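Report on one structure; see the data block that follows.
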Amino acid sequence: MKILKYILLLGIVSIFASCSEDSLDSESIFKDEKTTPNALDTWLSDNYTSPFNIRFNYRYVDIESDREYNLVPAEYDKSVALAKIIKYLWLDAYVEVTANADPSFMQTYCPKVIQLIGSAAWNDDGSRILGQAEGGLKITLYEVNAIDLNNINVETMNDLWFHTMHHEFAHILHQNKLYSTDFKLITGSTYNSAGWTDYSNTDAHHLGYITNYASSEPNEDFVELVSMYVTHTEAWWQAMLADAKQAQISASAYASYANGGTKLPDNASLKTVTGQDAEGNDVTLYYLYYGGDEKIKQKFEIVTKYFINSWGFKLSDLRDIVQRRSESLDSLDLTSL
Amino acid sequence: MKKIIYSCLILATTLFVGCTPEQDEIFDESAAQRIESNIKDIVETLEGSPNGWQMDLFTGTFGTNVMVKFADGKVTASDYLVHDADEQSESLYSVIQNGGPVLTFNTFNEIFHAYSDPIEPGASYGNNEGLGADFEFVVLSYSQDEIILRGLKHRRLCRLVRQPETTTWAETLGAYQTMQSNIGAPMYEFYYNGELVPGTSSLSGNSLVSNRTEAITGDDVTEGDATEKLVSFSRPIVPTMEGFRTETPFSYTSDDPNPTIQHFKYDAESLRFVCTDEGVDMYIVKVYPPANVAFENVTDFYYFNLDFAAENAYANDMSNAFVQLFLTMQTNDCSPYGELIHRAFMGYNPDPSKYKADFLLVYQTSTSSGGYTSIFGYSVDAVPDTDDQVKFSNITEANSNAGYYPGGKAIGKALVDYSPWTISYDNEVSPNEYTFVSTKDASYSFKISK
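From first to last, the protein sequence lines stand for chains F and G. Number 752 in this note's numbering belongs to position 8 of the first sequence; there are no gaps in the numbering. Number 229 in this note's numbering belongs to position 63 of the second sequence; there are no gaps in the numbering.
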């Protein structure tokens, strides 16, 4: 019986041994698309892919694009300009600010795919998407064909793209290193994920948010503070804080609020300030006081500490760099590669 | 012992059967190699035509002709519909693997992508789809002379035909443009199997539209029911050198599994487009009716020559009585609300499901922050036994804004009150202007134009 078992075992082993497969084909079935590199391809390879491992898709790539929308590709010349602007105004700004703290910062954390789209992504209701980010890996920028190469306007570009890029990149950062939970407590009772579109930006300022979208939830609040701060000047920042603090009203409006003829907003109180005008006459100014500026300042203090402690640089330094580069954008050659 | 031997035998047989290491090779190369070689072939074919290709490009509603030439990864395009035929635009293209070989025009080409660029919803001439053409195409078949493509997104069938080296693009586009003009006519009559297709059918806007009335027969018909039903369909058409063709074949038999009507040849002498598909007896005749019948069948809008929103407001090409009617509307209905009459036009009803009227009279006003559109419906009929008189009737409010513009309705009412009108057009082939003079009071007259 034992012999029979051994024979059986031997038979099975032999059979399996005879069943060897052919060696695998050394060529992968997944091929990279082969196109002869043009000047932009080479420039992108040298400036995005090799140093940062970023794939910069200026050509329309079906599988990287949102097929829910009707889109068209970006123009070649405008892609050249935007590739250079993104590097100068966004990528190199972070490289510069982190040069001492972590020279490999951008290589480690930057999104790995940037996809350009020529047209807007229109929704049926007439709204449109300016930029999209997916899981910290890919950023899609729309309306590239709207760039006027003869009239580069930084403010327009901030609205269209750079606000989105700083916003999404800040998400990547806080997902890697958490910020203080104290942040969420400052305006914790007024986040409104479903109804934030009902607020104007001024409404949001009064509640202690830098934009209406910031009031949707704490993480958006955090990254909106970062992106709005970095892409705006100090003068804009102070004007925003002033707007968040109070709103001037007429004496009659003040009286109507005071005597109950008009209902006072839940988050406001009445305030007067007396002083003298330029000719030395006594004047009284009337306000609805909201105090949103204090909440924004408290949250922003946590944001600035987070960047120093977690990433080793000051957000104000990043803003200075971005603003300096914005001012010198005119000198950037946006056509030759 | 026997049991063990049988077990061994069964086991060995089973394992040997499952262990057939050799497979019959159907193809000489792996799938990846074949796709790669296929893509290379397609690029060589595309770039192998030194004078490029004639492309039939279909949008959501119409077809058109575009010239394209491929060289060194770049594509040059030219058309005659959106741009002048002597303009060219260059961009990049690729042939990639995406579930099959795909030809993609993957950087923006001002001419080619004009047919797919999305438009802001609510824009006067489109929606967020734009014209709805594709710019990425699955290559269904290819040869040195013809390449058949299917759009990746909208799945529209397109065709590339090799451009002869001896013919210039200007000559080819000119020939297509001529055929495009030949297709145009105020009215059409469709004949199928020798009989006039009942209803109204047209080729306007490079779209073959057939609105056929069909008698209702059979057991379902009971007393009091309608005796006929409307069977409608439309097919984008594209001019060809001989005439035109539809994107896909169609049939007048609803249960026909293999429709065959697709290609038409133009006969300039008889003004007919005759179907050349085998076994099909069909032709389409261009009809040039008198002015009153042509206006009764318009499929366009015609505009009053006025614009109170212009820097120097004007109301031209109308009698003083009509100017006064517009001024009354402006003064009473618009000025108090900061509005200015920007445009006024009349013509067909493009959406009968939305506006319950035969024809539409439309006013657009503008304000500093936007504007309003008020729409009235009306009917118009050619006066029997005349070829130059029409009668307006049945003015109705066709949208919710209309109620705010009684002055606009008064203009429509004047059309009714001063009917019949003598009507004339600038040309019978493709009327661009219609002039109306009241037969009741000649001081009421106006002209409208495309």
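All C-beta atoms in this analysis are idealised placements derived from N, C-alpha and C, irrespective of residue type, glycine included. Note that the coordinates shown come from a computational prediction; the quantities given were computed from them, not determined experimentally.
Our contact map puts L223 of chain G next to C324 of chain G with C-beta atoms below 8 Å; I'd like the distance itself, whole angstroms only.
Rounded, the Cβ-Cβ distance is 6 Å, consistent with contact.
Out of G:N372, G:A475 and G:E210, which one is the CA nearest neighbour of K240 of chain G?
Nearest C-alpha to K240 of chain G: G:E210.
Closest residue to K928 of chain F among F:I1046, F:Y813, F:P1009 and F:I993 (Cα-Cα distance):
Ranking the options by Cα distance to K928 of chain F, first place goes to F:I1046.
Measure the beta-carbon distance from S1000 of chain F to T1006 of chain F and round it to whole angstroms, keeping in mind my assumption that it falls under 8 Å.
Your pair S1000 of chain F and T1006 of chain F checks out as a contact, with CB atoms roughly 4 Å apart and the cut at 8 Å.
Please state the DSSP three-state secondary structure of Y291 of chain G.
Any reading at Y291 of chain G needs caution, since the residue's pLDDT is 42, under 50, leaving its predicted position unreliable; the model's value is listed next. When DSSP states are grouped into helix, strand and coil, Y291 of chain G belongs to the coil group.
Given the structure, does S794 of chain F come close to the ligand GDP, in the sense that its CB is under 7 Å from one of the ligand's heavy atoms?
Among the components of this structure there are no ligands whatsoever, and the ligand GDP is therefore not found.
Leaving out five residues before and five after G371 of chain G in sequence, what residues of the same chain have Cβ atoms less than 7 Å from its Cβ?
Within the same chain, G371 of chain G has close Cβ partners T227 and F228.
Are the CB atoms of Y820 of chain F and L258 of chain G nearer to each other than 8 Å?
Yes; because the gap between Cβ atoms is below 8 Å, this pair is in contact.
Backbone CA spacing between T1018 of chain F and L1029 of chain F [nearest angstrom]
Using only the alpha carbons, I get a separation of about 6 Å.
Return the chain-ordered ranges of every beta strand (DSSP E) run that is complete within the segment 968–1001 of chain F and spans a minimum of 3 residues.
Runs of the beta strand (DSSP E) inside the segment 968–1001 of chain F: 990–993.
DSSP bridge partner residues for Q876 of chain F (one or two, in chain order)
In DSSP, Q876 of chain F forms a bridge with F:T884.
With a 10 Å radius around its C-beta and 16 neighbouring C-beta atoms as the bar for buried, classify Y172 of chain G as buried or exposed.
Exposed, by the Cβ-count rule.
Contact set between the segment 514–534 of chain G and chain F, restricted to residues whose Cβ is under 7 Å from the partner:
Correct list: empty, as no residue qualifies.
Which parts of the segment 844–873 of chain F are runs of the alpha helix (DSSP H), unbroken and 4 residues or longer, counting only runs that do not cross its ends?
DSSP runs (the alpha helix (DSSP H)) wholly in the segment 844–873 of chain F: 849–853.
Spatial neighbours of Y291 of chain G within its chain, please: CB distance less than 6 Å, with the 5 preceding and 5 following residues excluded, ordered by chain position.
Only weak support exists for where Y291 of chain G lies, its pLDDT of 42 falling under 50; the value from the coordinates is given anyway. None.
Residues, ordered as in the chain, of the segment 211–228 of chain G that lie near chain F by beta-carbon distance below 8 Å:
For the segment 211–228 of chain G, the beta-carbon criterion of a distance under 8 Å to any beta-carbon of chain F is satisfied by none of its residues.
Please work out which residues of its chain come closer than 6 Å, Cβ to Cβ, to G532 of chain G, disregarding the five sequence neighbours upstream and downstream, and give them in chain order.
With the sequence shown as reference, residue 532 of chain G is identified as Ser, and Gly is not the correct amino acid for it. Its chain contains A475, L506 and H508 as the residues whose beta carbon lies nearer than 6 Å to that of S532 of chain G, once the 5 sequence neighbours on both sides are disregarded; these appear in chain order.
Helix, strand or coil at A1012 of chain F according to DSSP, with G and I counted as helix
Coil at A1012 of chain F, not helix or strand.
Beta-carbon separation of I403 of chain G and T414 of chain G under 8 Å?
No, they are not a contact pair.
Contact criterion: CB-CB distance below 8 Å. Does T242 of chain G meet it with respect to chain A?
As a matter of chain content, chain A is missing from the structure shown, whose protein chains are F and G.
Contacting residues, own chain, Cβ-Cβ under 6 Å from N348 of chain G (five flanking each side not counted)
In its chain, beyond the 5 residues on either side, Y432 have a beta carbon closer than 6 Å to the beta carbon of N348 of chain G.
Would A825 of chain F pass as an interface residue toward chain G - the criterion being a Cβ-Cβ separation below 8 Å?
Proximity of A825 of chain F to chain G, defined by a Cβ-Cβ separation below 8 Å, is not satisfied.
Which stretch, first to last residue, makes up the alpha helix (DSSP H) that contains V305 of chain G?
That residue, V305 of chain G, is in no alpha helix (DSSP H); its beta strand (DSSP E) goes E302 to Y308.
Count the other C-beta atoms from every protein chain shown that fall within 10 angstroms of the C-beta of Y610 of chain G, then say buried if there are 16 or more, exposed otherwise.
Classified as buried, Y610 of chain G has 16 or more neighbouring CB atoms from the shown chains inside 10 Å of its CB.
Are the Cβ atoms of L472 of chain G and A481 of chain G separated by less than 8 Å?
Closer than 8 Å, so yes.
Cβ of W866 of chain F less than 8 Å from any chain G Cβ?
Closer than 8 Å: yes.
Close Cβ partners of L1078 of chain F (< 6 Å) along its chain, the five nearest in sequence each way excluded:
So the qualifying residues of the chain are A825 and K828.
Decide if Q490 of chain G is buried, meaning its Cβ has at least 16 other Cβ atoms within 10 Å, or exposed.
Under this definition Q490 of chain G is an exposed residue.
Beta-carbon contacts of L833 of chain F that lie in its chain and below 6 Å, excluding the five residues immediately before and after
Correct list, in chain order: R1069.
Beta-carbon proximity check, F274 of chain G vs N889 of chain F, cutoff 8 Å
Their beta carbons are under 8 Å apart, which means F274 of chain G touches N889 of chain F by this criterion.
Would you say H249 of chain G reaches chain F, if we count a Cβ-Cβ gap shorter than 8 Å as a contact?
It does not; no Cβ of chain F falls within 8 Å.
Cβ pair A564 of chain G, Y521 of chain G closer than 8 Å
Judged by their CB atoms, A564 of chain G and Y521 of chain G are nearer to each other than the 8 Å cut-off.
Which bits of chain F does T273 of chain G rub up against, with CB to CB less than 9 Å?
The contacting residues are Y802, R803, Y804, P817, A818, E819, Y820, S823 and G862.
Spell out a yes or no on whether the segment 430–448 of chain G and the segment 530–548 of chain G are touching, meaning 3 or more CB-CB pairs, one atom from each, closer than 8 Å.
No, the segment 430–448 of chain G is not in contact with the segment 530–548 of chain G.
Beta-carbon proximity of L922 of chain F to K1043 of chain F, cut-off 8 Å
No, they are not a contact pair.
Applying the 10 Å Cβ sphere with the 16-neighbour rule, what's the burial state of P518 of chain G?
With fewer than 16 other Cβ atoms within 10 Å, it is exposed.
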